[in-house]
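Trainee: Have a look at this one before I ask anything.
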Amino acid sequence: DAKTTQPPSMDCAEGRAANLPCNHSTISGNEYVYWYRQIHSQGPQYIIHGLKNNETNEMASLIITEDRKSSTLILPHATLRDTAVYYCIVRVAGTGNQFYFGTGTSLTVIP
Amino acid sequence: NAGVTQTPKFQVLKTGQSMTLQCAQDMNHNSMYWYRQDPGMGLRLIYYSASEGTTDKGEVPNGYNVSRLNKREFSLRLESAAPSQTSVYFCASSEVLSGELFFGEGSRLTVL
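Here you go:
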């Protein structure tokens, strides 16, 4: 199964865009990229997912490079409530629907 | 709609004791999962159930057993608890095709 690499921590000024990178160089053609976040010790929360095209929803945008070896999650106007650990996950293809989380990026939004 | 409900929320065990963590979802999802999260670490998959009647091992299955009791319920059992199993346990569910995971609030387990 493909693995992901994320920076352990990042800071972002409140109101600015937060750009969180993820490398997934061994991703297979039919594997999706998912992003989740975990605030404090709550259960992780789904943010967005994509296959090859860029995606946008009310929470964030996902930019996937053309070779699909990396992606960037963009929070367009970060707020203090966006302080959380962000996980980039590649969905394993095949039977079942397994998700493997790494250690993620701890994003701190600074006032 | 309660979503994913886990019980108990907190538990303290002594080494060697057994216990079962219960998980139930009311979203009619096919797939269910158990993760553990150690302090400062990401989530690691223990076991999952792609659909009712099936279970498979994840990254860290040793020391655990699971039962997919029916479509709604997926339990995690520790037969002989060890201090290394001190962790926060999260149950999650998903529709197979959509991929979005819905998590419970977590169960904090301490093994002395």
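These protein sequences, in sequence, are chains A and R.
Residue numbering for the first sequence follows our numbering, starting at 159 and increasing by one per position.
Residue numbering for the second sequence follows our numbering, starting at -3 and increasing by one per position.
No residue lacks a Cβ here, since even glycine has one placed at the ideal position from N, Cα and C.
Can you tell me which of Val92/R, Asp52/R, Pro79/R and Gly95/R puts its alpha carbon nearest to the alpha carbon of Arg104/R?
Mentor: Pro79/R
Trainee: Closer than 7 Å by beta-carbon distance: list the chain A residues that pair up with Phe99/R, in chain order.
Mentor: Within 7 Å Cβ-Cβ: Gly201 and Pro202.
Trainee: What are the residues of the stretch 17 to 28 of chain R that lie near chain A, defined by any Cβ-Cβ distance shorter than 7 Å?
Mentor: Ser27
Trainee: Between the C-alpha atoms of Gly100/R and Glu224/A, what's the straight-line distance to the nearest angstrom?
Mentor: 35 Å
Trainee: Kindly list the residues whose CB is nearer than 6 Å to the CB of Arg82/R, restricted to its own chain and excluding five residues on each side of it in sequence; keep chain order.
Mentor: The residue you asked about is not Arg; residue 82/R is Thr in the sequence shown. Around Thr82/R: Thr106 and Val107.
Trainee: If you drop the 5 nearest sequence neighbours on each side, which residues of the same chain put their C-beta closer than 6 Å to that of Ser63/R?
Mentor: Ser71
Trainee: DSSP on Asp34/R, reduced to helix/strand/coil?
Mentor: coil
Trainee: Along chain R, which residues have their Cβ under 7 Å away from the Cβ of Arg249/A?
Mentor: Within chain R, the residues near Arg249/A are Gly95.
Trainee: Below 8 Å on C-beta distance, what does Thr261/A contact in chain R?
Mentor: The answer, in chain order, is Met37 and Gly38.
Trainee: Tell me the rounded alpha-carbon separation between Ile42/R and Val243/A.
Mentor: Ile42/R and Val243/A have their C-alpha atoms spaced approximately 20 Å apart.
Trainee: Under 7 Å, CB to CB, which of the residues in the stretch 226 to 248 of chain A have a partner in chain R?
Mentor: Tyr245
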